[in-house]
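Heads up: the sequence lines are chains A and B, in that order. To get the numbering used here, take the position in the first sequence, counting from 1, and add 359. To get the numbering used here, take the position in the second sequence, counting from 1, and add 249. Just below is one structure, and these are the notes that go with it.
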Amino acid sequence: MIGIGTHPDLELLRKRVMHYAVKEFGMTLPEIRFFLLNSDEFMSVLEKGVFPVSPTNIWEGKEVITKRHRVKVGLEPGIYYEVVQCGNPSYAYLNDGNNLVNQASVMAHVCGHAEFSKLNVLQDIEENRTEKVMWLTSQVELAKRFLGDDDYRRYWNAAASITQFTRPMSQYNLGNSVEHDNIIPEEMIVDSTETKPPITYFSSSISELYGEGNAKDIRDRINVEQKRRKQRIEMSRSGYRLKAPCQDVFGFIAEHAPANESERDILSYLYAVNKNSEFIMRTQIMNEGWCMYWESKIMNKLFGEDSVTGLIDYSKTFSGVCAPRPWYRRNPYHLGFVMWKQIEKDFKKGKLSMEYTNEKDVDVKRQWNRPPKQDPIEFMRHLVRTITDFEFIRRYLTDELIEKFHLNRVPIRDAERMGLSQEDVVKHNDEWVWLNPDNIKEQMLDNFTHFHRPRIYVVDHDYNGEGALLLYHRDDNLGILKSNWIEPTMRHISKLWKSPVYLMTYDDDGEGIMASVVKHKFTEEDYPEYPDFEEVRETIRTGLKFI
Amino acid sequence: MPNTPDISSADSEGAFSDFIDSYIGEGIKNIINNIDERGLDIRGDEVVFEVDGICPPTFVYDDAGGEGEGGIGSDPGKLVFSIPFERLMELVAKKLSLPNLKKVGDGKITEVTEHYKSFGSTGVILDKRRTFKRAIKTSIGLGTFNPDEDKYDIMIRRRDRRYKQPLIEEKPKFKAVVFYVGDISYSTWGERLELEKKVVSFIQMWTDYNYGIRNVEHRFVVHDSEAHEVTQDQFYTVDNAGGTEALPAFELCNNIALSEYNPANTNFYLFYFGDGEVFEFDAESIRELLYQDSLRIYNRIGITEVMPSQGSWGSCLVDTIAPVEQGYPDIVRVSKLHEKEKIFATIKRLFGHNSEVPPAGSKEEDENIPF
Numbered sequence: 360m361i362g363i364g365t366h367p368d369l370e371l372l373r374k375r376v377m378h379y380a381v382k383e384f385g386m387t388l389p390e391i392r393f394f395l396l397n398s399d400e401f402m403s404v405l406e407k408g409v410f411p412v413s414p415t416n417i418w419e420g421k422e423v424i425t426k427r428h429r430v431k432v433g434l435e436p437g438i439y440y441e442v443v444q445c446g447n448p449s450y451a452y453l454n455d456g457n458n459l460v461n462q463a464s465v466m467a468h469v470c471g472h473a474e475f476s477k478l479n480v481l482q483d484i485e486e487n488r489t490e491k492v493m494w495l496t497s498q499v500e501l502a503k504r505f506l507g508d509d510d511y512r513r514y515w516n517a518a519a520s521i522t523q524f525t526r527p528m529s530q531y532n533l534g535n536s537v538e539h540d541n542i543i544p545e546e547m548i549v550d551s552t553e554t555k556p557p558i559t560y561f562s563s564s565i566s567e568l569y570g571e572g573n574a575k576d577i578r579d580r581i582n583v584e585q586k587r588r589k590q591r592i593e594m595s596r597s598g599y600r601l602k603a604p605c606q607d608v609f610g611f612i613a614e615h616a617p618a619n620e621s622e623r624d625i626l627s628y629l630y631a632v633n634k635n636s637e638f639i640m641r642t643q644i645m646n647e648g649w650c651m652y653w654e655s656k657i658m659n660k661l662f663g664e665d666s667v668t669g670l671i672d673y674s675k676t677f678s679g680v681c682a683p684r685p686w687y688r689r690n691p692y693h694l695g696f697v698m699w700k701q702i703e704k705d706f707k708k709g710k711l712s713m714e715y716t717n718e719k720d721v722d723v724k725r726q727w728n729r730p731p732k733q734d735p736i737e738f739m740r741h742l743v744r745t746i747t748d749f750e751f752i753r754r755y756l757t758d759e760l761i762e763k764f765h766l767n768r769v770p771i772r773d774a775e776r777m778g779l780s781q782e783d784v785v786k787h788n789d790e791w792v793w794l795n796p797d798n799i800k801e802q803m804l805d806n807f808t809h810f811h812r813p814r815i816y817v818v819d820h821d822y823n824g825e826g827a828l829l830l831y832h833r834d835d836n837l838g839i840l841k842s843n844w845i846e847p848t849m850r851h852i853s854k855l856w857k858s859p860v861y862l863m864t865y866d867d868d869g870e871g872i873m874a875s876v877v878k879h880k881f882t883e884e885d886y887p888e889y890p891d892f893e894e895v896r897e898t899i900r901t902g903l904k905f906i
Numbered sequence: 250m251p252n253t254p255d256i257s258s259a260d261s262e263g264a265f266s267d268f269i270d271s272y273i274g275e276g277i278k279n280i281i282n283n284i285d286e287r288g289l290d291i292r293g294d295e296v297v298f299e300v301d302g303i304c305p306p307t308f309v310y311d312d313a314g315g316e317g318e319g320g321i322g323s324d325p326g327k328l329v330f331s332i333p334f335e336r337l338m339e340l341v342a343k344k345l346s347l348p349n350l351k352k353v354g355d356g357k358i359t360e361v362t363e364h365y366k367s368f369g370s371t372g373v374i375l376d377k378r379r380t381f382k383r384a385i386k387t388s389i390g391l392g393t394f395n396p397d398e399d400k401y402d403i404m405i406r407r408r409d410r411r412y413k414q415p416l417i418e419e420k421p422k423f424k425a426v427v428f429y430v431g432d433i434s435y436s437t438w439g440e441r442l443e444l445e446k447k448v449v450s451f452i453q454m455w456t457d458y459n460y461g462i463r464n465v466e467h468r469f470v471v472h473d474s475e476a477h478e479v480t481q482d483q484f485y486t487v488d489n490a491g492g493t494e495a496l497p498a499f500e501l502c503n504n505i506a507l508s509e510y511n512p513a514n515t516n517f518y519l520f521y522f523g524d525g526e527v528f529e530f531d532a533e534s535i536r537e538l539l540y541q542d543s544l545r546i547y548n549r550i551g552i553t554e555v556m557p558s559q560g561s562w563g564s565c566l567v568d569t570i571a572p573v574e575q576g577y578p579d580i581v582r583v584s585k586l587h588e589k590e591k592i593f594a595t596i597k598r599l600f601g602h603n604s605e606v607p608p609a610g611s612k613e614e615d616e617n618i619p620f
């Protein structure tokens with residue numbers, strides 16, 4: 360691993376790229392540090408979550424060994440172009456086997472990532488992220504010595520089971536779901552006229568004092584006081600309480616599970632390296648498209664001034680990276696790039712306006728060319744600052760564009776596997792089938808609600824009054840959980856929580872199931888009370904307990 | 250970043266290899282069970298395995314996949330990895346508590362190896378790195394190399410030269426000859442053949458491991474009423490010609506051992522496989538031959554009864570040889586291999602420590618296998 364400052368040609372290219380990015384195109388960039396890696400180092404850095412170091416762990420070892428074998432036998436190419444860890448500073452890693460044109464394009468691409476992370480509404484621009492992870496790595500290495508190899512490996516593996524439930528950007532993240540303060544805010548005290556408490560203390564002698572008509576008021580006051588007391592008791596015991604379901608399951612466990620210092624270091628490290636994966640999931644199309652957009656602009660400048668040569672080869676690589684794929688395997692580089700280009704084009708003609716949308720005359724719309732005063736790039740940056748992929752697609756991906764970008768074009772082999780009917784197919788040839796674009800946007804948007812992963816929430820941290828963790832699996836109509844993985848996963852969570860763990864889920868018939876690990880024993884029982892998500896939210900909001 | 254260290258996953262790869270070691274240790278039974286007649290998939294010094302993918306369990310949908318490239322919950326598929334052959338056999342030995350095989354011929358034949366572990370001022374192979382290091386030190390001392398003053402001359406003087414010094418090691422080299430004798434008069438096909446092949450494959454690996462692959466000769470003999478030497482392929486495919494007499498096969502092995510090799514520096518092994526149904530006079534003749542000649546020739550004689558036919562007249566050969574085993578347990582071992590699950594019991598009987606080996610076919614024999 361060497362800094363590119365030691366390589367005069369690369370250093371010169373870096374300066375030219377930064378010149379165009381910052382001076383010419385006004386990009387807002389954090390400090391970016393570029394390093395050259397050989398292919399082995401590249402393989403490692405990818406498995407370390409794009410950090411230069413990581414604590415020893417078998418899963419990284421497995422991935423590297425497997426990948427090396429796959430490259431060796433030709434199952435996958437050993438060529439890597441770039442990876443970048445955004446943050447301030449950002450760390451970008453280049454492959455020392457690439458030629459100068461590729462290195463220049465990678466640097467230009469990295470500028471796109473760095474700016475996007477800095478500007479985007481989700482703000483993926485943590486200060487000293489890489490340095491923090493390096494420090495956490497050293498802490499975990501110490502923890503490993505403290506715990507011993509076996510306990511360290513077991514605890515790490517338990518934590519690795521839930522890293523995919525790291526959701527700091529969810530609506531139901533830690534900040535929105537967990538309350539820490541001893542002060543009970545007024546809004547938490549619900550109006551007892553809406554929710555009837557399970558038990559009502561009623562004294563006829565008190566009611567006599569206030570008169571018959573005041574009985575309801577008294578009951579309300581008692582209910583409020585009961586709730587306050589209940590919350591105080593709960594707070595005083597754990598120091599926090601849930602006010603909504605918490606989707607950041609790993610975050611919740613990392614913060615609230617009883618753990619010694621070494622175990623806490625492992626959880627903190629894994630949380631730190633996994634927490635920006637949600638940013639990638641939620642912005643990948645916009646983000647990669649933004650990078651391809653700026654890459655093409657900067658590279659045009661570099662070719663124009665002869666800083667690099669080989670335009671034809673570069674164009675081939677670019678079109679390979681931006682090859683279209685059907686919606687269910689969408690290529691974020693392609694879709695993002697063509698959408699940004701389309702937005703720029705439409706904006707320049709004034710088509711992204713209310714007037715254009717409201718215009719009924721098709722001919723007028725076709726001829727529309729009313730350039731706005733605002734710079735299109737500024738408009739595009741405004742989008743970066745305010746939306747993520749969901750809104751990007753919802754607003755700007757039309758049926759015409761789905762057709763134009765080949766999102767509805769399916770290889771014939773896939774079409775056969777998907778079992779499509781004649782009504783779905785618009786046209787076909789020997790190689791492709793074109794589907795009706797009507798439902799495609801909807802399907803793409805649906806994916807942003809669950810990313811085809813189970814949505815799991817912490818809904819109680821003191822279930823049954825035994826300090827048990829109660830999890831809730833939300834039904835997204837995506838089928839049931841892989842049954843033989845439920846038990847080992849729950850055992851792992853129980854190991855982290857150090858108390859019983861329960862999971863509300865459902866079976867093939869949609870009937871509720873309560874799976875649990877209590878005193879190391881796994882059981883699965885029918886649970887007819889399986890609630891829908893609204894009920895779960897309401898139960899927590901009103902401070903009631905699940906049965 | 251204060252410095253720029255190499256990025257490496259070596260520690261994690263090592264941790265995974267250790268994990269796989271224990272994984273293999275636990276799964277030796279499956280590995281041995283899955284050996285076919287070709288043996289293990291050995292490439293160079295490494296044994297290549299394919300096992301079900303392993304990854305941390307998590308909550309994932311039953312049809313894991315969907316949009317995108319899949320993730321941690323996706324079907325991990327098959328995992329291919331390799332470990333050194335020596336390491337695998339160490340694990341097998343540990344798991345089965347197998348002692349190393351006895352070796353005769355110490356000091357008579359030696360294997361000479363050279364290791365370059367030390368360095369000196371004379372020699373043939375120049376150690377360039379050490380020489381250059383010394384030359385830099387000297388040049389700095391002499392002032393001919395001083396970048397601050399723009400001096401970059403490095404003088405390599407004779408006394409700076411460092412040579413690699415060979416360390417000659419003489420290791421005793423052992424030689425072994427293993428005879429595999431098969432009774433082709435019984436129906437050796439289907440499961441019988443499969444069981445026989447697995448045990449033969451294991452014996453080949455085990456002797457190769459103990460003596461070194463190049464130092465072991467594997468010879469195959471079949472018999473019905475006559476005995477013939479065959480190739481390994483023929484050993485599994487040759488048809489019977491009717492009749493059963495095992496004595497000629499034992500005699501043929503003895504003849505080969507004594508006429509083609511020097512018994513003073515050769516380790517002989519004989520493993521017999523058959524349904525055990527031989528005539529009483531034949532079994533008794535074999536017993537006599539063992540007492541008279543074979544016990545002096547072989548390090549180990551293993552007689553394995555493989556799946557006798559239903560309604561057969563009993564384990565005649567094994568029962569007749571059993572007293573010899575009791576008298577000479579370090580040399581003679583008999584075993585009964587009646588089902589796939591007893592492959593390990595058989596291997597342990599054939600190679601295990603005498604004190605740990607329960608009687609052939611006993612219940613205890615099955616229970617003692619450490620799995």
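Even for Gly, the Cβ is constructed at its ideal location relative to N, Cα and C. Every value quoted in this text rests on a predicted model; they were computed, and no experiment measured them.
Cβ distance (whole Å) where residue 637 of chain A is taken to contact residue 522 of chain A below 8 angstroms: Not a contact, Cβ separation roughly 11 angstroms.
Minimum C-alpha distance to residue 502 of chain A - residue among A:531, A:452 and A:416: A:416
Straight-line gap, residue 623 of chain A to residue 659 of chain A (C-alpha atoms, nearest Å): 49 angstroms
Coil, strand or helix - residue 602 of chain A by DSSP: coil
Reduced DSSP secondary structure (H/G/I, E/B, other) of residue 466 of chain B: strand
Cross-strand partners of residue 814 of chain A (DSSP beta bridge): A:833
For residue 875 of chain A, the first and last residue of its enclosing beta strand (DSSP E): 871 to 877
Rounded Cβ spacing between residue 861 of chain A and residue 822 of chain A (contact assumed at less than 8 angstroms): 6 angstroms
Any 3 or more C-beta pairs closer than 8 angstroms across the region 769 to 778 of chain A and the region 744 to 761 of chain A: no
For residue 770 of chain A, three-class secondary structure by DSSP: strand
Alpha-carbon to alpha-carbon, residue 419 of chain A and residue 534 of chain A: 31 angstroms
Three-state secondary structure (DSSP) of residue 764 of chain A: coil
Nearest-angstrom Cβ-Cβ length linking residue 506 of chain B and residue 476 of chain B, presumed shorter than 8 angstroms: No, residue 506 of chain B and residue 476 of chain B are not in contact; Cβ-Cβ is about 14 angstroms, not under 8 angstroms.
Beta-bridge partners of residue 376 of chain B, as assigned by DSSP: None; residue 376 of chain B has no bridge partner.
Own chain partners of residue 478 of chain B with C-beta closer than 6 angstroms, once the 5 adjacent residues on each side are dropped: 470
Residue 720 of chain A, buried or exposed, once every other Cβ within 10 Å from all chains shown has been counted against 16: exposed
Residue of A:472, A:891 and A:514 minimising C-alpha distance to residue 443 of chain A: A:472
Sequence-distant residues of the same chain with beta carbon closer than 8 angstroms to residue 295 of chain B, five excluded per side: 331, 332, 333 and 334
Proximity of residue 818 of chain A and residue 906 of chain A at Cβ, strictly below 8 angstroms: no
Under the three-state DSSP convention, the category residue 433 of chain B falls into: coil
With 16 other Cβ atoms within 10 Å as the buried cut-off, status of residue 391 of chain B: exposed
Extent of the continuous beta strand (DSSP E) to which residue 454 of chain A belongs: 449 to 454
CB contact below 8 angstroms: residue 315 of chain B versus chain A: Reliability fails at residue 315 of chain B, whose pLDDT of 34 lies under 50, so the model's placement of it is uncertain and the value that follows must be treated cautiously. With 8 angstroms as the cut-off, residue 315 of chain B counts as an interface residue toward chain A.
Residue 822 of chain A - partner residues in DSSP beta bridges: A:827
Beta-bridge pairing of residue 551 of chain B - partner residues as DSSP gives them: B:520 and B:582
Beta-carbon neighbours of residue 257 of chain B, restricted to chain A and to distances below 8 angstroms: 399, 400 and 403
Where residue 259 of chain B falls, given that 16 or more other Cβ within 10 Å makes a residue buried: exposed
Contact check, residue 416 of chain B vs residue 597 of chain B, beta carbons under 8 angstroms: no
Reduced DSSP secondary structure (H/G/I, E/B, other) of residue 485 of chain B: helix
As assigned by DSSP and simplified to three states, the class of residue 608 of chain A: helix
Integer-rounded CB distance, given that residue 540 of chain B should sit under 8 angstroms from residue 430 of chain B: That belief does not hold up - the Cβ atoms of residue 430 of chain B and residue 540 of chain B are roughly 18 angstroms apart, past 8 angstroms.
Backbone secondary structure at residue 269 of chain B - three-state DSSP: helix
Euclidean distance between Cα positions of residue 497 of chain A and residue 631 of chain A: 14 angstroms
Spatially closest choice to residue 855 of chain A from A:474, A:762, A:684 and A:608, by CA coordinates: A:608
Host beta strand (DSSP E) of residue 787 of chain A (start-end): 784 to 787
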